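Each residue of the sequence shown is one higher than the one before, counting from 459 in the working numbering.
The structure appears below as structure tokens.
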Amino acid sequence: MIPYGRQDIQQADIDAVLEVLQSDFLTQGPVVPRFERAVADKVGVHHALAVNSATSALHIACLALGLGKGDWLWTSPITFVASANCGLYCGAKVDFVDIDPRTYNLCSKALAAKLEQAERAGRLPKVVVAVHLCGQPCDMQTIHELSKRYGFRVIEDASHAIGGKYQGDYIGNGGYSDITVFSFHPVKIITTAEGGMALTNNDALARRMDLLRSHGVTRDPALMTHEADGPWYYQQIDLGYNYRMTELQAALGLSQLNRLDDYVAQRNVLAARYDTALAGLPVTTPWQLPNSYSGRHLYVIRLKRDFITPTHRQVFERLRELGIGVNLHYIPVHTQPYYRELGFKLGDFPVAEAYYADAVSLPLFPTMTEMQQDDVVSALERALS
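Listed below in structure tokens is the structure:
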């Protein structure tokens with residue numbers, strides 16, 4: 459089975475992890491700060507805080523921005539559930555903005571229209587989570603301009619997008635958002651096994667997220683309510699969480715970071731090869747914004763169902779039978795049973811639902827061979843016939 463994505467572990471990665479295993483620190487040592495600084499320097503941001511998952515990063519980002527009961531978080535319906543759940547974790551209410559029919563990202567035009575209506579109704583969002591689906595950045599300049607006009611904060615869910623660029627700069631630099639979140643899950647661009655990171659240029663937000671990721675506990679005398687009882691002393695000054703990244707994970711991430719640009723470049727080479735190979739088939743290949751350089755985490759095609767006999771499901775199942783590990787990213791969040799219980803229903807976000815009806819994620823990973831890619835194309839031709 460050719461998987462839709464997979465990690466690339468090399469000897470340098472193994473050596474880096476072994477070095478930590480033989481050191482004095484398996485957690486809360488010097489490697490996590492080195493990884494944070496390396497990522498921050500790479501993308502050009504002031505602060506980077508490593509955590510145990512991108513979901514944790516989204517949670518502390520929302521908390522740091524003051525999201526709470528009575529507030530609204532808006533995001534895209536085409537994303538993993540974590541992009542919306544982070545709002546619910548904070549006691550806020552969640553709503554969605556339909557997607558752009560070409561990029562499949564949150565549509566900035568739909569956002570503008572919804573904000574205008576929300577302003578009249580007195581229910582503007584406090585936070586908008588802009589998800590860079592497949593690694594392609596959202597229209598961040600427009601979203602940023604809208605945030606200034608309507609007073610909401612912006613989180614970039616760049617779980618798919620480390621190594622990508624927007625308007626020539628690395629995604630994560632914070633030029634158009636308050637906080638950016640990366641994921642280091644094994645199928646993502648680089649991996650720490652499990653892990654994530656929150657990045658910001660705001661000193662206060664960085665301090666708040668640093669506190670929240672480690673139980674709300676501090677040893678900083680400047681943050682304590684009174685003088686320390688002794689060198690052993692710490693204080694819990696907020697209700698935080700155990701969201702720390704281990705030294706082992708950070709060592710793997712540091713090693714992988716050395717190959718980030720090569721990984722993204724190879725993903726783009728493979729995507730271009732798919733574009734050419736699939737040009738004659740009844741599918742729509744991914745459209746790319748001219749001012750962006752996608753991380754190419756995923757290669758999503760859409761079936762032209764009016765031109766094929768088999769159904770969406772039949773094509774998907776046939777590809778699996780032929781040894782192609784296709785997937786579907788994602789089921790619209792508002793159609794999930796939990797969210798239907800919150801009042802969402804089919805028809806609420808028609809562009810997202812249309813996308814779900816014919817999308818298929820083809821295998822794409824940097825170590826994929828041309829022979830494997832040819833096998834995918836051949837299997838797709840068979841499945842569509």
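Just so you know, even glycine gets a beta-carbon here, dropped at the ideal spot from N, CA and C.
Note that the structure is predicted; figures quoted are calculated from it, not measured.
Here the alpha carbon of L484 sits roughly 47 Å from the alpha carbon of L761. If one requires a minimum length of 3 residues, the beta strand (DSSP E) runs lying completely within the stretch 638-688 are 654-658, in chain order. Listed in chain order, the alpha helix (DSSP H) elements of length 4 or more contained wholly in the stretch 764-797 are 770-779. Between A817 and D556 the beta-carbon gap is near 15 Å, outside 8 Å, which marks them as no contact.
Closest in alpha carbon position to S750, among G621, H684, G626, V589, is G626. Sequence-distant partners of A619 (beyond 5 residues in either direction) whose C-beta falls short of 6 Å from its own C-beta, in its chain, are H590, G593, I629, G753.
Per the coordinates, the alpha-carbon of L786 lies some 16 Å from the alpha-carbon of A841.
An exposed status is given to Y691, since fewer than 16 other beta-carbon atoms sit within 10 Å of its beta-carbon.
Annotation for D806: H792 place their beta carbon closer than 6 Å to its own, counting only its chain and skipping 5 residues before and after. Assignment of beta-bridge partners to K623 by DSSP yields Y628, Y751. Annotation: the continuous beta strand (DSSP E) that includes T533 extends over 530-533.
Between A498 and L657, the C-beta gap is smaller than 9 Å, which places the two residues in contact.
By the neighbour-count criterion, in which a residue is buried when 16 or more other Cβ atoms sit within 10 angstroms of its Cβ, L697 is exposed. For the pair V741 and Q694, the Cα-to-Cα distance works out to about 55 Å.
From the listed residues T600, G688, M826, the smallest Cα separation to Y721 is found for M826.
P744 and Q480 have their C-alpha atoms spaced approximately 45 Å apart. For the alpha helix (DSSP H) assignment, the uninterrupted runs of no fewer than 4 residues enclosed by the stretch 549-636 are, from N- to C-terminal side, 566-579, 598-608.
If you draw a straight line from the Cα of Q469 to the Cα of E574, it is about 54 Å long. Counting C-beta pairs with one atom in each stretch, the stretch 712-719 and the stretch 517-525 have fewer than three that are closer than 8 Å, which means they do not touch. Using a Cβ distance threshold of 9 Å, L569 and T600 count as a contacting pair. Just so you know, the alpha carbons of P795 and G801 end up roughly 10 Å apart.
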